[in-house]
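Before any comments, here is the structure.
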Amino acid sequence: MTVIAIDGPAASGKSSVARGLAQQLGFSFINTGAMYRAAAWHVLNSGADPHSPASVTTAILAADIRTGFENRQSFIEIGGRRPYEQLRDEGVNRAVSAVASVPAVRERLVREFRTLARFGDCVVEGRDIGSVVFPDSPCKFYLDASPEVRQFRRNAQGQRDEVAARDRIDSSRRTAPLTIAPDATVIDTTELGLDEVMAAIRETLLAKGLPACQRT
Ligand code: DC
Numbered sequence: 348m349t350v351i352a353i354d355g356p357a358a359s360g361k362s363s364v365a366r367g368l369a370q371q372l373g374f375s376f377i378n379t380g381a382m383y384r385a386a387a388w389h390v391l392n393s394g395a396d397p398h399s400p401a402s403v404t405t406a407i408l409a410a411d412i413r414t415g416f417e418n419r420q421s422f423i424e425i426g427g428r429r430p431y432e433q434l435r436d437e438g439v440n441r442a443v444s445a446v447a448s449v450p451a452v453r454e455r456l457v458r459e460f461r462t463l464a465r466f467g468d469c470v471v472e473g474r475d476i477g478s479v480v481f482p483d484s485p486c487k488f489y490l491d492a493s494p495e496v497r498q499f500r501r502n503a504q505g506q507r508d509e510v511a512a513r514d515r516i517d518s519s520r521r522t523a524p525l526t527i528a529p530d531a532t533v534i535d536t537t538e539l540g541l542d543e544v545m546a547a548i549r550e551t552l553l554a555k556g557l558p559a560c561q562r563t
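Shown next, in the form of structure tokens:
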């Protein structure tokens, strides 16, 4: 079973790259950012205070969470509802870093990620995938881009998202902060297009002898 871990800050291109790469390789795609967003969405819906770790913990422990794959892409269902476009709401953007910093949330979701990865080869994107969730993966990438370009990408998507503020919280939290795993390949995507980033990753994977990379 191969896990390709792709980490990086907000709007570094992780999700698009991970999704595209999974398609090219015939792997499943696990979008862990979407899972943390769903947790934040649930916390807000349940009336809990996203900035109170105790309140978030109570809401998550009581939540009925189910995850799985649909067309080789991960989904999350909470209380029988599957959020999609709600995950990009401004309220979720504002609350998600605080919710994701609560250990009970991370423990609950990391369990789901590891269970999902048992189904087969996958590309997993996030913040702590190479450092904490799958530290034994030999295929770790860290995507980065200048703060200006990342904020520009979010704005161009029509989203209100304070990228720098989220990065600060994601990088400074005590549990599993955003960090570059020592054995990760770092790719600066500031001046690269999606295809170029995917090609760079596949080249690295080929050099590591990952046979799936020769398939397409
Ligand atoms: O990648 P994204 O912007 O959709 O992620 C949303 C938030 O979720 C991000 O601000 C931090 C958190 N997150 C995390 O803490 N750990 C992960 N593996 C993925 C996301």
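If you read the sequence shown in the numbering used here, its first letter stands for residue 348, the second for the next number, and so on. Just so it is clear, CB atoms sit at the ideal spot from N, CA and C, and this is done for glycine as well. Values in this document were obtained by computation on a predicted structure and should not be read as measured data.
Coarse secondary structure for residue i, derived from DSSP in three states
i: residue 412; result: strand
i: residue 417; result: strand
i: residue 564; result: Any answer about residue 564 is impossible in this case: the structure gives the chain only from 348 up to 563.
i: residue 460; result: helix
i: residue 354; result: strand
i: residue 454; result: helix
i: residue 375; result: strand
i: residue 471; result: strand
i: residue 542; result: helix
Inter-residue spacing [alpha-carbon to alpha-carbon] between residue i and residue j
i: residue 457; j: residue 480; result: 7 angstroms
i: residue 439; j: residue 386; result: 9 angstroms
i: residue 454; j: residue 444; result: 15 angstroms
i: residue 553; j: residue 547; result: 10 angstroms
i: residue 463; j: residue 414; result: 8 angstroms
i: residue 492; j: residue 536; result: 5 angstroms
i: residue 460; j: residue 379; result: 8 angstroms
i: residue 549; j: residue 405; result: 42 angstroms
i: residue 354; j: residue 539; result: 17 angstroms
Option nearest residue i by Cα separation, candidates the options
i: residue 421; options: 433, 382, 396, 539; result: 382
i: residue 502; options: 357, 516, 465, 470; result: 357
i: residue 509; options: 414, 367, 436; result: 436
i: residue 528; options: 512, 441, 476, 418; result: 476
i: residue 417; options: 434, 399, 374, 390; result: 374
i: residue 419; options: 449, 393, 411, 368; result: 368
List, from N- to C-terminal side, the alpha helix (DSSP H) runs of 4 residues or more that fit wholly inside the segment 483-532. 494-503, 510-519
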